[in-house]
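Undergrad: Take a look at the following structure, please.
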Amino acid sequence: MSTIRSPKRNGPSMNWLRSSMNNETGAAPSVPVITIAEAARHAGETVRLNGWLYNLRKSGKIVFPIIRDGSGLMQCVAVKSNLPEDVFEALKGLTQESSFTVTGKIRAEQRAIGGYELDVESAAIFQRVPEDRPYPITPKEHGVDFLMDHRHLWLRSRRQHAAIRVRHEVIKAIRDYFDSHGFTLVDTPIFTPAACEGTTTLFEVDYFEDEKVYLTQSGQLYNEANAMAFGNVYCFGPTFRAEKSKTRRHLTEFWMVEPEMAYADLEDVKRVAEELIVYIVGRVLENRREELKTLERDISKLESVKAPFPRISYDEAVKNLQGKGSEIQWGGDFGNTDETLLTEDWDRPVIIDRYPTEIKGFYFQPDAVRPELALGVDIIAPEGYGEIVGGGQRIHDLQLLEKRLEEHHLPREAFEWYLDLRRFGSVPHAGFGMGVERFVAWMCGLEHVRETIAYPRMLYRTRP
RNA sequence: UCCUCAGUAGCUCAAUGGUAGAGCAUUCGGCUGUUAACCGAAGGGUUGUAGGUUCGAGUCCUACCUGAGGAGCCA
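Residue numbers (numbering that gives the first Met the number 0): 0 to 463.
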């Protein structure tokens, strides 16, 4: 028996959604509800799919609704002569992104997207998108502004879906790496009383009466305290930078993982960061091939990401750039074009270390032989994706750190707790930060980091 | 913050200073294997806003608004 039925209430009931024990949708009681991702395992079986209309093609007495359920796409085939009139007409009149459920037999079909097809036996429309206000994102081209204004709907598109799934894999790989290498997750506060580094701008927040706090721009200082408590730690959360940066590599709110290790030095940072990157890329290649294909990513560019990465010093990098016509002088920081030039000689990320002290934060340990250099390291991703890792070895000597605070005109009182770490069992320690969105943009081969997070926050965009 | 570019139908874009156009989307009709399906028809406009030049402005000028790309800064 097949029926078309409107929902009795405004919202879905759990019975309607999940239970196969009721016959409200007209399906036989034993029909299992599956996802499209599972379809291959159910070839030849009669199943039910819950989803939304991705696209519909019709040809007189046969219609091909493509259903989208969040796990994939599946072409359905509804033939007029095999279905009750009301079911066929309802399917034929479906509008884009209308929610509906279909029951039918799964069949291998080369012509269909995903290689499988469902022969419709019954269907129920949950909500039909009205034609006087159709779904705004049509299967044609759209501009960035329009799509960003409809980000809450844009996420239903295949490319966006793929990028977010790659992000999920990257994040899971990051956590798996640290969790299996003896690191303890110790998350650091989002509300902070002062800047971690004096330089970058911070978002100010009213914190009850007359008190100001700031959204964190790095968990590093707290990480150092946590490393002295737990040995190897990492924090992983959102980070906020009130910089008026307006480029394809910047968000005002982004996610960063920051490991910190006690009894560790610059070499440990380079080794761990390299191992981490290789591990994540491997996981993405292993588990997200389909998504990379959807994104039309050149996979060979990721397959070449293997250890060891080239390691060069800041000195060498400057010489290299000057040889390529860059106007950089020793003592200056690399611009975006410089970063791209530096990576073009290799097929994998480049590790650059020992930067001039002046262009690095106050907390970097100076090089033992050349104290004008800081034991900091950046890792630049290939293909122009820029700096994905920044870190280094921290100052462990109390007197030197006090001197640096003074030189950077930082308020001593605010850093007393930080100085305590050098008073009570100070040890050499090091760590780094890695930005998730840039990493995901690199994996996906995306033009802009805004597509690597569900709801990007940028200089002039905070909605939806 | 600075530099450059753009803003015309719901969307993507046309239109020598001289009658506002197409494709997609929507509606109606046709089609039993479509792949951003196709074929026929219809409805849909304060050309970002405010001034100015001109017989006449979507088009030229000024200011502002919105967005995009880049620079600096950063992950």
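For glycine and all other residues, C-beta sits at the position ideal for the given N, C-alpha and C.
According to the Cβ coordinates, are Ile378 and Ala226 closer than 8 Å?
TA: no
Undergrad: Going by the beta-carbon positions, is the gap between Gly391 and Val368 smaller than 8 Å?
TA: no
Undergrad: Considering only residues of the region 117 to 198, which uninterrupted alpha helix (DSSP H) runs meet the minimum length of 4 residues and lie entirely inside it, listed in chain order?
TA: 143 to 148, 150 to 153, 157 to 178
Undergrad: With DSSP as the reference, identify every bridge partner of Gln74, one or two as the case may be.
TA: According to DSSP, which records beta bridges pairwise, Gln74 is partnered with Ile65, Glu116.
Undergrad: Can you tell me the Cα-Cα spacing of Ile279 and Ala172, whole angstroms?
TA: 5 Å
Undergrad: According to the neighbour-count rule (16 or more other Cβ atoms, all chains shown, within 10 Å of its Cβ), is Asn21 buried or exposed?
TA: With a pLDDT of 40 at Asn21, under the threshold of 50, the modelled position of this residue cannot be trusted, and the question is left open.
Undergrad: Leaving out the 5 sequence neighbours to the left and right, which residues in its chain are closer than 7 Å to Lys91 when beta-carbon positions are compared?
TA: Exclusion of the five residues before and after Lys91 leaves Lys57, Val62 as the residues of its chain whose Cβ lies within less than 7 Å of its Cβ.
Undergrad: Going by CA-CA distance only, name the one from Asn222, Ile170, Gly281 that's closest to Pro188.
TA: Nearest C-alpha to Pro188: Asn222.
Undergrad: Distance, Cα to Cα, Lys300 vs Val448?
TA: 18 Å
Undergrad: Three Cβ pairs or more, each shorter than 8 Å: is that satisfied between the region 70 to 87 and the region 109 to 121?
TA: yes
Undergrad: On a Cα-Cα basis, can you pick out the residue from Glu242, Pro307, Glu257 that is closest to Trp345?
TA: Pro307
Undergrad: Which residues in the same chain have their Cβ closer than 8 Å to the Cβ of Arg158, if we skip the five residues on either side of it in sequence?
TA: Thr293, Leu294, Glu450
Undergrad: Let's test the definition: count the other Cβ atoms within 10 Å of the Cβ of Ala38 and tell me whether it reaches 16, buried, or not, exposed.
TA: buried
Undergrad: Would DSSP call Tyr206 helix, strand or coil?
TA: coil
Undergrad: Three-state secondary structure (DSSP) at Tyr313?
TA: helix
Undergrad: Kindly indicate which three-state DSSP category Tyr221 falls into: helix, strand or coil?
TA: helix
Undergrad: Could you check which residue in Val268, Phe438, Val78 has the C-alpha nearest to that of Gly59?
TA: Cα-wise, what sits closest to Gly59 is Val78.
Undergrad: Per DSSP, what kind of secondary structure is Ile358 in: helix, strand or coil?
TA: Helix, per DSSP.
Undergrad: If you follow the beta strand (DSSP E) that Glu252 is part of, which residue opens it and which one closes it?
TA: 252 to 261
Undergrad: Just mark Val119 as buried or exposed, buried being the case when its beta carbon has 16 or more other beta carbons within 10 Å.
TA: buried
Undergrad: Among Thr183, Arg296, Ser97, which one has its Cα closest to the Cα of Ala228?
TA: When the alpha-carbon of Ala228 is set against those of Thr183, Arg296, Ser97, the nearest one is in Thr183.
Undergrad: According to DSSP, is Ile452 helix, strand or coil?
TA: coil
Undergrad: From Arg132, Phe145, Val212, Val86, pick the residue whose C-alpha is nearest to that of Ala123; which is it?
TA: Val86
Undergrad: Run through DSSP, which three-state label would Ala228 get?
TA: helix
Undergrad: Between the region 388 to 402 and the region 324 to 341, do three or more beta carbon pairs fall short of 8 Å?
TA: Proximity of the region 388 to 402 to the region 324 to 341 falls short of the contact definition, fewer than three beta-carbon pairs being nearer than 8 Å.
Undergrad: Quick check: Ala429 and Val185, are their CB atoms within less than 8 Å of each other?
TA: no
Undergrad: Indicate the three-state DSSP secondary structure (helix, strand or coil) for Asp419 in the structure shown.
TA: helix
Undergrad: Looking only at its own chain, which residues have a Cβ that is under 8 Å from the Cβ of Trp153, when we skip the five neighbours before and after it?
TA: Ile136, Leu146, Met147, Gln159
Undergrad: For Val101, which residues does DSSP report across the bridge?
TA: Leu48, Ala122
Undergrad: Tell me which residues share the same chain as Lys245 and place their Cβ nearer than 7 Å to its Cβ, disregarding the 5 neighbours each side in the sequence.
TA: Leu458
Undergrad: Can the beta-carbon of Tyr53 be found closer than 8 Å to that of Ile33?
TA: For Tyr53 and Ile33, no; Cβs fall outside 8 Å.
Undergrad: Looking at Glu315: is its Cβ nearer than 8 Å to the Cβ of Val165?
TA: no
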